[in-house]
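*Asks:* Would you mind keeping the following structure in view while I ask a few things?
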Amino acid sequence: MKRQFAFTLLLLCSAAVGAAAMAAGAGPGEAPARAASVPLRVEAQAQIQPQVPASAAEVKLSFAPIVARTAPAVVNVYAQKAAQQRANPIFDDPFFRRFFGGQGGPGLRAPERVQRSLGSGVVVDPSGIVVTNFHVIEGADEIRIALNDRREYEAEVLLRDQRTDLAVLRIKTEAKETFASIELGNSDELAVGDLALAIGDPFGVGQTVTQGIISALARTQVGISDYQFFIQTDAAINPGNSGGALVDMAGRLVGINSAIYSRSGGSIGIGFAIPVNMVRVVVEQAKGGSKSVRRPWLGAKLQRVTPDIAESLGLPRPTGVLVQDVVAHSPAAKAGLRLGDLIVAVEGQPIDDPESLNYRFATRPIGGKAALAVNRGGKEVSLVVVLEGAPETVPRDELVVRARSPFTGATVVNLSPAVAEELKVDANATGVVIYDVDDNSPAAAAGFKPGDVLVEVNGEKVARTRDLEQMVRTPLRAWRVTVGRAGRTITALLPG
C-alpha cells in the first residue's frame, strides 16, 4: 500500500447504445427512456422494427453536465514548510566550537530547506470551507488555495484530524465572498457498480476528471488511518490528487480521494476514498470551533471473528465482532453489553470487524443513540447505546522530557479512557503513556512509540507523569524500562 497524493482526472466516456436501451440524449443521472412499448402478448406475425438513431447526438453519453456543476468546487492546495537541515556533526566538536562558537557562526549554520506539497481540496461550504487530506498540509507553515478560475487565496487550518487523514481549511478573504461549493451526499447509499467521477487538480496544471465505478465498499485493512473504512474505485487517481472529490451521478460528493494501491506510483485502478459521512462529521465539528474531533466511545475491547472462532461459536460463517472486555461505567456497560457478546450490526448495518464498528460510531453524533444487534449465546438481543465521548478521568499533565535519559524527546501523559481511545491502548490500562516522540531524539533511538505504556522504570511503578519527571532528574548510566505494547510486556536495558 503506497500513499499517493490523489487527484482526479479528465473524464471522457461515450457509448453507442441502441435506442431500445437508452433514449436519445439521456445522460448520467437521468433515467433512460423506455423503447417503444411492446405488447405483453405478441402475435406470431407481429414484427418488431429496429430503431436506428437519427444522428450521433442521439447515442452520445456525456458527464459534462455533472462536471460543470461540481468542478468549480475542486481546488488546488499548495502547502509549504521550512525545515531546518541537520548541521554537520563537526559543528558539535568542542575544538571547533572553541574557535567558531555556536554552530560555526551565522555563515556556517545549517540552512533552512523549504518543503512543498501539492494536493487537491473540495469546497464544501459557500463561505470558503475546504476539505483536503491531512497529509497534504501536515506541518505546513503556509497554505494557499487556487480555484479553477485561477484566483488564489491564503488559507487557514480550522481542524486537523490525523486519525482520519482529513483537514478542514478556510479561505481567507478581506471582503465577504461566496465560493462555488459541492453538495454532500450519503456514502451509505452507494452500491458496488455505481458510476463515479474523480475530480482533482494535480500539481496545479489544471483540473482533470476520470470516470469509473464503485469497486467495493467498507474496505478496512488498508493501513491509511485509524478509522479504516474506505470506498474503493477504479476511477484513475494519480499522484497529486490527494484531497480531490469522488462524485456520484447526481453531482454530490460521496468521498475524498486519499490513496491508491500501486507498485509503480501510477494508477492501476485501485483507489481509496474517505466516505463523505465521515467527512461530514469532521466538517461540522470544525465549523463549531473544535480544534480536534470528539467521537463516540463504546468502552469495549473487540475482536474480529476468525473462522476458528466462528466454528467454536457454532456460526455458519465468520461475522460480527466479539466482545472481549467491557470497561466499567462505559456506554457499553450501561447498555448491557457483556463479555462474549457478538455484535453483528449497528443501526441495521452489518459489522464484520472492529474497524467497521468504529466507523459506524464515528459517523454518529455524541449525545445520540445507536441500536446494536447482538448474538448472545445463539439468541438475538437488541441493545441501545447512548453515545458519549471518552472521559478524561484524570488530568493529562503532559510532560515533554528534556532531562538526559532514554526518554529525552518523548511527550508523556497520564492515561484516561479518552487518551486510551486516541492512542488505541487498552481502555483498562492505567499509568503513563508515550503520547509523542520527536524524530532523531534519544527516545526515538531507544525505540519508544506513541501508545507505549510505561509500566516500570528501574523497578519502580510509574503512576503519574510527575513520577517520571522525578526519576529523570537523576542521570544514570543505564535504565531498566518495562513497557506495555499491543498486549505484550517488554523489558529492556537502555543506556543513559
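Here the sequence shown stands for residues -23 to -1, 1 to 473, where the numbers follow mature numbering (1 follows the signal peptide of the UniProt record, and there is no 0).
Built from N, CA and C at the ideal position, the CB exists for glycine as well.
1. Relative to the alpha-carbon of Arg465, which residue among Val224, Pro472, Met448, Val432 has its alpha-carbon at the smallest distance?
2. How far does the beta strand (DSSP E) with Pro252 in it reach, from first residue to last?
3. Going by beta carbon distance, what residues of the same chain come within less than 8 Å of Leu360, once the five residues before and after it are set aside?
4. So who's on the other strand from Tyr130, going by DSSP bridges?
5. Use the C-beta contact count for Gly232: other C-beta atoms within 10 angstroms, 16 or more gives buried, fewer gives exposed.
6. Closer than 8 Å is the cut-off here; do at least three beta carbon pairs connect the stretch 279 to 294 with the stretch 149 to 167?
7. Could you tell me which whole beta strand (DSSP E) segments of length 3 or greater appear in the stretch 332 to 369?
8. If contact is defined by three or more beta carbon pairs under 8 Å, each pair taking one atom from either stretch, is the stretch 436 to 452 in contact with the stretch 412 to 426?
9. Indicate the three-state DSSP secondary structure (helix, strand or coil) for Lys268 in the structure shown.
10. Mind the definition here: the stretch 252 to 269 touches the stretch 112 to 127 only if three or more C-beta pairs lie below 8 Å; say whether that holds.
11. Where do the N-terminal and C-terminal ends of the alpha helix (DSSP H) with Phe207 fall, by residue?
12. State the CB to CB distance for the pair Val323 and Lys346, rounded to an integer number of angstroms; the pair is presumed to be in contact (CB under 8 Å).
13. Once you ignore the five residues that flank Gln262 on each side, which residues in its own chain have a CB closer than 6 Å to its CB?
14. Which of the three DSSP states is assigned to Ala469 in this structure?
15. Can you list, in chain order, the residues of its chain with a C-beta nearer than 6 Å to that of Gly170? Leave out the 5 residues immediately preceding and following it.
16. Count the C-beta pairs between the stretch 213 to 224 and the stretch 37 to 57 that are closer than 8 Å, then say yes if the count reaches three, no if not.
17. Going by the beta-carbon positions, is the gap between Ala406 and Ala397 smaller than 8 Å?
18. At what residues does the alpha helix (DSSP H) containing Leu38 begin and finish?
19. For the alpha helix (DSSP H) that Arg373 lies in, which residues bound it at each end?
20. In chain order, which continuous runs of the alpha helix (DSSP H) of length 4 or greater are located wholly inside the stretch 392 to 450?
21. Is the Cβ of Ser97 closer than 8 Å to any Cβ of chain D?
22. Among the candidates Ile251, Ala309, Gly183, whose CA atom is the shortest distance from the CA of Arg128?
23. Please list, in chain order, all residues of the same chain as Gly105 whose beta carbon is under 6 Å from its beta carbon, the five residues on each side excluded.
24. Figure out for me which residue from Met448, Thr468, Ile328 has the closest Cα to the Cα of Thr385.
25. Just confirm the distance between the C-beta atoms of Asp416 and Val390, as a whole number of angstroms; I'd bet it's less than 8 Å.
26. Taking the CB atoms as reference points, tell me whether Asp429 and Val460 lie closer together than 8 Å.
27. Let me check one thing: in DSSP terms, what residues is Ser164 bridge-paired to?
28. Which residue's Cα is closest to the Cα of Tyr55: Ser94, Phe338, Arg46?
29. What first and last residue would you give for the beta strand (DSSP E) that runs through Leu378?
30. Can you give the Cα-Cα distance for Leu143 and Tyr336, rounded to whole angstroms?
31. Would you report the Cα separation of Val439 and Arg379, rounded to the nearest angstrom?
32. Can you tell me where the alpha helix (DSSP H) with Asp302 in it begins and where it stops?
33. For Lys149, which three-state DSSP category applies?
34. If you draw a straight line from the alpha carbon of Ile208 to that of Gln188, how long is it in whole angstroms?
35. Give the straight-line distance between the Cα atoms of Leu400 and Ser393, rounded to the nearest whole angstrom.
*Replies:* According to the structure shown:
1. To locate residue 465, count along the sequence shown from 1; it is residue 488. Nearest option by C-alpha distance: Val432.
2. Looking up residue 252 in the sequence shown gives position 275. Looking at the DSSP string, the run of the beta strand (DSSP E) that includes Pro252 is 248 to 252.
3. Here residue 360 is taken as the residue at index 383 of the sequence shown, counted from 1. Within the same chain, Leu360 has close Cβ partners Ala312, Gly313, Leu314, Ala348, Leu349, Val351.
4. If you number the sequence shown from 1, residue 130 lands on position 153. Paired residues: Ile122.
5. Taking the sequence shown and counting its residues from 1, one reaches residue 232 at position 255. Label assigned to Gly232: buried.
6. no
7. 346 to 353, 356 to 363
8. no
9. Position 291 of the sequence shown, counted from the start, is the residue given in the question as residue 268. Lys268: coil per DSSP, three-state reduction.
10. no
11. The residue you call residue 207 lines up with position 230 of the sequence shown. Counting along the chain, Phe207 falls outside any alpha helix (DSSP H), though it belongs to the beta strand (DSSP E) covering 207 to 210.
12. Indexing the sequence shown from 1 puts residue 323 at position 346. Indexing the sequence shown from 1 puts residue 346 at position 369. Between Lys346 and Val323 the Cβ distance is about 11 Å, and since that is not below 8 Å, they are no contact.
13. The sequence position of residue 262 within the sequence shown is 285, counting from 1. Counting only Cβ-Cβ distances below 6 Å, and skipping sequence neighbours, we find Val270.
14. As a working note, residue 469 is residue 492 in the sequence shown. Correct three-state label for Ala469: strand.
15. Counted from its first residue, the sequence shown places residue 170 at position 193. Ile190.
16. Yes, they touch.
17. In the sequence shown, residue 406 corresponds to position 429, counting from 1. In the sequence shown, residue 397 corresponds to position 420, counting from 1. Result yes, Cβ atoms of Ala406 and Ala397 sit closer than 8 Å.
18. Residue 38 sits at position 61 when you count from the first residue of the sequence shown. Careful: Leu38 lies outside any alpha helix (DSSP H) and carries neither H nor E.
19. To locate residue 373, count along the sequence shown from 1; it is residue 396. Neither: Arg373 is in no alpha helix (DSSP H) and is coded neither H nor E.
20. Counting only runs of at least 4 residues, the stretch 392 to 450 fully encloses the following alpha helix (DSSP H) elements, listed from N- to C-terminal order: 394 to 400, 419 to 423, 442 to 448.
21. In the displayed structure, chain D is absent; only one protein chain is listed.
22. Within the sequence shown, numbered from 1, the residue matching residue 128 stands at position 151. For Arg128, the nearest C-alpha among the options comes from Gly183.
23. Stepping through the sequence shown from its first residue, residue 105 is reached at position 128. Contacts found: Arg147, Ile148, Phe156.
24. Taking the first residue of the sequence shown as position 1, residue 385 is located at position 408. The residue with the shortest Cα to Cα distance from Thr385 is Met448.
25. Residue numbering aside, residue 416 sits at position 439 when the sequence shown is read from its first letter. Residue numbering aside, residue 390 sits at position 413 when the sequence shown is read from its first letter. About 19 Å; that fails the 8 Å criterion.
26. Taking the sequence shown and counting its residues from 1, the one referred to as residue 429 is at position 452. Taking the sequence shown and counting its residues from 1, the one referred to as residue 460 is at position 483. Cβ distance < 8 Å, so Asp429 and Val460 count as in contact.
27. As a first step, residue 164 must be located in the sequence shown, where it is residue number 187. BP columns for Ser164 are empty, so no partner.
28. Against the sequence shown, residue 55 aligns to sequence position 78. Among Ser94, Phe338, Arg46, the Cα nearest to that of Tyr55 is on Ser94.
29. Taking the sequence shown and counting its residues from 1, one reaches residue 378 at position 401. The amino acid occupying residue 378 in the given sequence is Val; Leu does not appear at that position. Looking at the DSSP string, Val378 is not in any beta strand (DSSP E), and its letter there is neither H nor E.
30. Position 166 of the sequence shown, counting from 1, holds the residue named residue 143. Position 359 of the sequence shown, counting from 1, holds the residue named residue 336. Cα-Cα distance, rounded: 14 Å.
31. Along the sequence shown, read from residue 1 onward, the residue named residue 439 stands at position 462. Along the sequence shown, read from residue 1 onward, the residue named residue 379 stands at position 402. If I take the Cα positions, the gap works out to 18 Å.
32. In the sequence shown, the residue the question calls residue 302 occupies position 325. Where Asp302 is concerned, there is no enclosing alpha helix (DSSP H), although the beta strand (DSSP E) around it starts and stops at 298 to 303.
33. In the sequence shown, residue 149 corresponds to position 172, counting from 1. Reduced to three states, the DSSP call for Lys149 is coil.
34. Translated into the one-based positions of the sequence shown, residue 208 becomes position 231. Translated into the one-based positions of the sequence shown, residue 188 becomes position 211. Roughly 15 Å between the two C-alpha positions.
35. Here residue 400 is taken as the residue at index 423 of the sequence shown, counted from 1. Here residue 393 is taken as the residue at index 416 of the sequence shown, counted from 1. About 11 Å.
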